[in-house]
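Residue numbers (the numbering used here): 5 to 149.
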């Protein structure tokens, strides 16, 4: 599958559009129907997190998504351009055990925990240009795009 790149201005209204596009590409990439809701929700959380970070630190910069599929995997990377220094450090997803009895300290951590619970594989990385959240899911068939 080719890589699909999407960027949008940091407005909450665009998160819905990004979710719809990612879901359509996931379907065409062979992701099973029962997993599409998980893809939609995880991408919505990641995009909402990036939009909020941009609105606080760099509202004129776009949020970027990269969608790709290879080796029977569908992968989505959501990137913001908020530097680690501006954001106050790399966000961390608490262990699932911490959420068994309490919600943790902030909603950012809760959003990352939701993403970790929905995606088959998650990597969060701080780069000099911002934070990247990479999520992937199994694809049952080869991509048709």
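Don't be surprised by glycine CBs; every beta carbon is placed ideally from N, CA and C. All values reported here derive from a predicted model rather than from experimental measurement.
Could you say if the segment 67-74 and the segment 19-33 meet the contact criterion of at least three C-beta pairs nearer than 8 Å? yes
Please name the residue, chosen from 137, 124, 130, 62, that lies closest to residue 39 on a Cα-to-Cα basis. In the chain shown, counting from the first residue as 1, residue 39 sits at position 35. Out of 137, 124, 130, 62, 124 has the C-alpha closest to the C-alpha of residue 39.
Going by beta carbon distance, what residues of the same chain come within less than 6 Å of residue 78, once the five residues before and after it are set aside? Position 74 of the chain shown, counting from 1, holds the residue named residue 78. Once the five neighbours on either side are set aside, the close Cβ partners of residue 78 are 30, 33, 35, 141, 143.
Starting from the C-beta of residue 23, find all residues in its chain whose C-beta is less than 6 Å away, skip the five residues before and the five after it, and write them out in chain order. Taking the chain shown and counting its residues from 1, the one referred to as residue 23 is at position 19. Closer than 6 Å at Cβ, skipping near neighbours: 44, 47, 48.
So if DSSP puts residue 137 in a beta bridge, which residue, or which two residues, is it bridged to? Working through the chain shown from its first residue, we reach residue 137 at position 133. Residue 137 is bridged to 82, 128.
By how many angstroms is the C-alpha of residue 80 removed from the C-alpha of residue 101? As a first step, residue 101 is located in the chain shown; it is residue number 97 there, counting from the start. As a first step, residue 80 is located in the chain shown; it is residue number 76 there, counting from the start. Any answer about residue 101 is weak, because its pLDDT of 44 lies below 50 and its placement is not dependable; what the coordinates show is given next. If I take the Cα positions, the gap works out to 26 Å.
Put residue 121 into one of helix, strand or coil per three-state DSSP. As a working mapping, residue 121 is identified with position 117 in the chain shown. If DSSP states are grouped into helix, strand and coil, residue 121 belongs with the helices.
Beta-carbon separation (whole angstroms), residue 117 vs residue 86, contact threshold 8 Å: To locate residue 117, count along the chain shown from 1; it is residue 113. To locate residue 86, count along the chain shown from 1; it is residue 82. So it is not a contact: roughly 20 Å between Cβ atoms.
Pull the bridge partners of residue 70 from the DSSP assignment, please. Here residue 70 is taken as the residue at index 66 of the chain shown, counted from 1. Note: residue 70 sits in a beta bridge opposite 9, 81.
6 Å CB neighbourhood of residue 105 in its chain, flanking five on each side removed: For the purposes of this step, residue 105 is identified with residue 101 of the chain shown, where counting begins at 1. Note that residue 105 has pLDDT 37, beneath the 50 cutoff, so the model's placement of it is unreliable and the number below is only indicative. No residues qualify anywhere along the chain.
If you reduce the DSSP assignment to three classes, tell me which class residue 63 lands in. Position 59 of the chain shown holds residue 63. Correct three-state label for residue 63: coil.
Distance, residue 28 Cα to residue 6 Cα: The sequence position of residue 6 within the chain shown is 2, counting from 1. The sequence position of residue 28 within the chain shown is 24, counting from 1. Computed Cα separation, rounded: 14 Å.
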